[in-house]
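Heads up, the thing below is written out as structure tokens.
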Amino acid sequence: MALQEIVTYPFPILKDTAKPVTEFGEELKKLVADMAETMYDAPGVGLAAPQINIPLQLCVIDISPKDAPKELIVLANPKIIKGEGEEVDEEGCLSVREYCSKVPRYAKIWVEAQDIDGKPLSFEAEGYYARVIQHELDHLNGTLFIDRISSLKRTLYKKKLKKMLKAEEGK
Ligand code: NI
Numbered sequence: 030m031a032l033q034e035i036v037t038y039p040f041p042i043l044k045d046t047a048k049p050v051t052e053f054g055e056e057l058k059k060l061v062a063d064m065a066e067t068m069y070d071a072p073g074v075g076l077a078a079p080q081i082n083i084p085l086q087l088c089v090i091d092i093s094p095k096d097a098p099k100e101l102i103v104l105a106n107p108k109i110i111k112g113e114g115e116e117v118d119e120e121g122c123l124s125v126r127e128y129c130s131k132v133p134r135y136a137k138i139w140v141e142a143q144d145i146d147g148k149p150l151s152f153e154a155e156g157y158y159a160r161v162i163q164h165e166l167d168h169l170n171g172t173l174f175i176d177r178i179s180s181l182k183r184t185l186y187k188k189k190l191k192k193m194l195k196a197e198e199g200k
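Following this line, the structure appears as structure tokens:
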């Protein structure tokens, strides 16, 4: 297992649509282990493969409470086949530095995916879990949560980031 570097906006891969996972073998298991280690280290509740510069439709999620046993969820080629209701809540992202914003999401979703062995999965998710899945799925389609906020807020964030990057360059 090895910790991977998380790329951040505006790194180009974050804008791309990832490719389907087609090989379910040892290499994929190793990648998933790296992704999980990187997510827990960050720490975060979800990580998509493009965030470590791998263009695959793959994400790991763990929303279990801090002191509870780990409950890693691995989704390969996930799709939301239906969504219902709307909830607005605060989101951040390991690939969007120093920013959080309220983002509207489906309150309930129906998901189809494959597990780490390629076995088909079909399940429903609600509330926070549904939000995290929608956030990670967005990553697989080249979308960040800042693409889902008002253009004014996005512009302000881009300005803030520009300043931040400039200040870092000057160091
Ligand atoms: Ni994210």
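Residue numbers for the sequence shown, in my numbering: 30 to 200.
The beta-carbon is built from N, C-alpha and C at its ideal position, and this holds for glycine as well.
Exercise for the section: Identify whether G73 lies in helix, strand or coil by the three-state DSSP scheme. Expected result: coil
Handout entry: Within 6 Å of the ligand NI: residues by beta-carbon to any heavy atom
Key = C122, L123, S124, H164 and H168
Problem - Sequence-distant residues of its chain with Cβ nearer than 7 Å to K200 (five each side left out) - result: none
Handout entry: Neighbour-count burial assignment, D118, 16 or more Cβ in a 10 Å radius
Key = exposed
Practice task
Give the straight-line distance between the Cα atoms of A142 and P84, rounded to the nearest whole angstrom.
Solution key: 17 Å
Problem - Option in A71, L150, V50 and K188 with minimal Cα separation from L87 - result: V50
Practice task
Kindly indicate which three-state DSSP category V24 falls into: helix, strand or coil?
Solution key: Any question about residue 24 goes unanswered here, given that the chain covers just 30 to 200.
Exercise for the section: Would you list, in sequence order, the uninterrupted beta strand (DSSP E) runs of no fewer than 3 residues that lie entirely inside the segment 139–168? Expected result: 149–155
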